[in-house]
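The structure under discussion appears below in the form of structure tokens.
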Amino acid sequence: MGLPTLGVVADLALYGLQGTQTLSFPVPAGLTPAALNATVELPPNVTAGSIAVTQDNRTVSRVDLPPDRAPISIPLEGVEVVDNAVTVLLRSQLLPPAGYCLYDTAIPLRLAGAAVAYTGRELPPDVVADFLPPVLERLTIFVPDTPSRAESDAAVRLTTAVVARYGDQRTDVDVEPLTSDAAEAPSGPFERHIVVREGPTAAVELQGRDGVPALLITGPANELLNQARLLSSNLSQLALASKAVAGPIKSVPQLPGDTTTIRDLGQPGVNATALKPQVTVGLDQTRLGRPVKNVRVHLKGSYTPLPASVGGQIVASVNGQAVDRWPIDAGGAIDRWVDIPDELLQRYTNLGVAVDLSGNTGECGEFQPVTLTIDGATTVETTRADPPVPAGFQSLPQALMPRVLVGVGTGFDDVRRAVTITEGLQRLSALPIDTEVVSVDDALAAQTPAVVIAADGWAGDRPELPVSSAADGELDVDRLDGERTTLRLDPGLRFGSLQTVYDGRTVLVATSNGDAAELDSLLAWLDDSSRRWSRLSGVAVIAPPGGEPVTVAGEAPAADEPAEESTPVATLLLAAGATAAAAIALLGWLVLRRRRRA
1 MGLPTLGVVA
11 DLALYGLQGT
21 QTLSFPVPAG
31 LTPAALNATV
41 ELPPNVTAGS
51 IAVTQDNRTV
61 SRVDLPPDRA
71 PISIPLEGVE
81 VVDNAVTVLL
91 RSQLLPPAGY
101 CLYDTAIPLR
111 LAGAAVAYTG
121 RELPPDVVAD
131 FLPPVLERLT
141 IFVPDTPSRA
151 ESDAAVRLTT
161 AVVARYGDQR
171 TDVDVEPLTS
181 DAAEAPSGPF
191 ERHIVVREGP
201 TAAVELQGRD
211 GVPALLITGP
221 ANELLNQARL
231 LSSNLSQLAL
241 ASKAVAGPIK
251 SVPQLPGDTT
261 TIRDLGQPGV
271 NATALKPQVT
281 VGLDQTRLGR
291 PVKNVRVHLK
301 GSYTPLPASV
311 GGQIVASVNG
321 QAVDRWPIDA
331 GGAIDRWVDI
341 PDELLQRYTN
351 LGVAVDLSGN
361 TGECGEFQPV
371 TLTIDGATTV
381 ETTRADPPVP
391 AGFQSLPQAL
401 MPRVLVGVGT
411 GFDDVRRAVT
421 ITEGLQRLSA
431 LPIDTEVVSV
441 DDALAAQTPA
451 VVIAADGWAG
461 DRPELPVSSA
471 ADGELDVDRL
481 DGERTTLRLD
491 PGLRFGSLQT
501 VYDGRTVLVA
511 TSNGDAAELD
521 SLLAWLDDSS
531 RRWSRLSGVA
541 VIAPPGGEPV
551 TVAGEAPAAD
561 EPAEESTPVA
571 TLLLAAGATA
581 AAAIALLGWL
591 VLRRRRRA
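The opening position of the sequence shown corresponds to residue 1 in full-length UniProt numbering, with each subsequent residue numbered one higher.
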């Protein structure tokens, strides 16, 4: 059976004539890695080559590369499994035509759609400590038909804890009513079932003897959350029995301060060797645990000293736009502060550093490639951004961290929606999101960041949304210039929406204008692809019946990004009352940009 994400990535890239890539992947109990399967994508002008797998300086296997776009199977028999995981080194050797300088190419050898094939059969857990396997494709949480506040809270917290634990594996989390027949059935391979139910006695207990048992998390309302926290705490590895009872467990997120290093942000350092090497320093606001501005990076590192006959410069860029440059020197040291403009900040911001050479470097192979290194001690200074930078969906989930209230109603459907939303938000974050389920009124009354679910409609004064709709089909819309305007549609349009609001804190509202099924369709669309949450932009996403979701822009286009239509807004406003078609066009011209299907 295949593991599509390897627990790390689905595509592997190896640069240069002799590329290397360290690969780590989990191994469930009872299974043995058999092969790494992928599709080969060769760089231009490469006609032959090989790829080897080594572990602890021991060659595990070596195979010749097939033609471009052909499948490859690299044997993994004999790899050593340590703590339910394997770490190997992939090493490629490419043979280009004579005179082709491959070490300077920006196009790597790619192993696309990489997946590990296993032999054996997954062993079911017999103690609580082993319930969550190294590989988990799907978790189903069962709660009563009318869950209590404590049961809803435990289900949502389990969702974020499990998604955070498995990270890039993209574990899918579903919630089902406890009356479902599936609650009694054993789970399939790489799947787990958890039953959350209030009861008189607190416990975390394996249930069932056939196949993979379900895990029961139970207890009184004031004890249920502690039991749910056991799975994500360090105590879980000591739960070496089929039943365990957790004492008080606190969830206190550890966040970096205003000054930290890229090593502390999960990047121990980066390096590259090429004729014109370039590296990327990732600045992830979710790792900082808050929205930030005034970002400064103290780059520390080095590059190979160059001969006097070759000149050049170091170029720092953000998402492809140069923000600083300075000439190379004979010492080869990098020690420079680089400011990141606030307008270039995103949820994930890439700071690129490149050595740009000038001069005669001779024929292919005559000039020794340059090694560029940025150390993990590189310092990052930030200031909390209030309001967030950028605004809207790109401020999520960092603007909801470290703790977010989740306002839901009393029924099962709102818990299901809450699980879908928090699952999507957690997938965007490198750190766990601390959630607490409360009533809608309590979430709106607090000053803490919140996710509020009002599936059947939204009262326009609590707070005002970017797009709202009355029963007669009139839309009240935020325009690009910050003013509000109205738009009457005939016939009226029912839609579901996710909308972001900042009123001293960030609130994400999941609602509709009277049709909860349209909100459910939007959430199902987002949940259908792991990339759709990360691609959301603007301040709101609207899902009309049977149509593609569209986004509402929160700010005017930049000067170098002209709007699609040059018609003056005033002219469009005059035309808006003529027909429904003109009204819909106005809405598109003012604020809506249709999203491409992911």
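Glycine residues also receive a C-beta, built at the ideal position from the N, C-alpha and C atoms.
Integer-rounded CB distance, given that residue j should sit under 8 Å from residue i
{"i": "L299", "j": "V355", "result": "The Cβ separation is near 13 Å, so there is no contact."}
{"i": "V60", "j": "L76", "result": "7 Å"}
{"i": "Q398", "j": "R462", "result": "Actually they do not touch by this definition, with Cβ atoms about 24 Å apart."}
{"i": "L139", "j": "V279", "result": "So it is not a contact: roughly 36 Å between Cβ atoms."}
{"i": "G392", "j": "W533", "result": "In fact, because the Cβ distance is near 13 Å, the residues do not count as touching under 8 Å."}
{"i": "R121", "j": "G30", "result": "5 Å"}
{"i": "Q207", "j": "Q93", "result": "Actually they are not in contact, since the Cβ atoms of Q207 and Q93 sit about 52 Å apart, beyond 8 Å."}
{"i": "F142", "j": "V204", "result": "Not quite, the Cβ-Cβ distance comes to about 15 Å (not below 8 Å), so this is no contact."}
{"i": "R296", "j": "W326", "result": "Not really, about 16 Å apart at Cβ, beyond 8 Å."}
{"i": "Q237", "j": "A129", "result": "5 Å"}
{"i": "G266", "j": "R287", "result": "6 Å"}
{"i": "A114", "j": "A274", "result": "About 24 Å; that fails the 8 Å criterion."}
Residue i burial status per 10 Å Cβ neighbour count (16 or more: buried)
{"i": "W458", "result": "buried"}
{"i": "T410", "result": "exposed"}
{"i": "R58", "result": "exposed"}
{"i": "G547", "result": "exposed"}
{"i": "D329", "result": "exposed"}
{"i": "G331", "result": "exposed"}
{"i": "R157", "result": "buried"}
{"i": "S50", "result": "exposed"}
{"i": "V292", "result": "buried"}
{"i": "N199", "result": "First, the residue type needs correcting, since residue 199 is Gly and not Asn in the sequence shown. Exposed is the call here."}
{"i": "Q499", "result": "buried"}
{"i": "residue 599", "result": "As displayed, the chain neither begins before 1 nor continues past 598, which places residue 599 out of reach and without an answer."}
{"i": "R417", "result": "buried"}
{"i": "V507", "result": "buried"}
{"i": "E564", "result": "Summary for E564: the model assigns pLDDT 36, below 50, so the residue's position carries little reliability; its value from the coordinates is reported in the next sentence. That one is exposed."}
{"i": "A185", "result": "exposed"}
{"i": "S497", "result": "buried"}
{"i": "D560", "result": "With a pLDDT of 36 at D560, under the threshold of 50, the modelled position of that residue is not reliable, and no figure is offered here."}
{"i": "N226", "result": "buried"}
{"i": "R290", "result": "buried"}
{"i": "V53", "result": "buried"}
{"i": "E343", "result": "exposed"}
{"i": "E137", "result": "buried"}
{"i": "L123", "result": "exposed"}
{"i": "Q169", "result": "buried"}
{"i": "R263", "result": "exposed"}
{"i": "residue 603", "result": "No answer is possible for residue 603: it lies beyond the span of the chain, which begins at 1 and ends at 598."}
{"i": "Q394", "result": "buried"}
{"i": "T259", "result": "exposed"}
{"i": "T20", "result": "exposed"}
{"i": "V82", "result": "exposed"}
Residue(s) in a DSSP beta bridge with residue i
{"i": "I51", "result": "V63, S92"}
{"i": "V501", "result": "V507"}
{"i": "I542", "result": "S497, V550"}
{"i": "L372", "result": "A272, Y303"}
{"i": "P327", "result": "Q313"}
{"i": "S512", "result": "G496"}
{"i": "A454", "result": "T511"}
{"i": "E381", "result": "T259, R296"}
{"i": "L139", "result": "V173, R192"}
{"i": "Q278", "result": "A354"}
{"i": "I72", "result": "A38"}
{"i": "V82", "result": "A85"}
{"i": "K250", "result": "Partner(s): none; K250 has no beta bridge."}
Extent of the continuous alpha helix (DSSP H) to which residue i belongs
{"i": "V437", "result": "Segment 434-439 is the beta strand (DSSP E) holding V437; no alpha helix (DSSP H) there."}
{"i": "I421", "result": "412-427"}
{"i": "L288", "result": "285-288"}
{"i": "S534", "result": "530-535"}
Residue range of the unbroken beta strand (DSSP E) whose run includes residue i
{"i": "L405", "result": "403-408"}
{"i": "D356", "result": "348-358"}
{"i": "G120", "result": "109-120"}
{"i": "L487", "result": "484-488"}
{"i": "D476", "result": "474-478"}
{"i": "A333", "result": "333-340"}
{"i": "S232", "result": "Note, S232: premise wrong, no beta strand (DSSP E); not H, not E."}
{"i": "V467", "result": "467-469"}
Inset, instruction - Please list the segments of the alpha helix (DSSP H) lying wholly inside the stretch 142-224, counting only runs of 4 or more residues, in order along the chain. - result: 149-166
Inset, instruction - Jot down the residue ranges of each uninterrupted beta strand (DSSP E) in the stretch 13-43, minimum 3 residues, whole runs only, in chain order. - result: 20-26, 31-41
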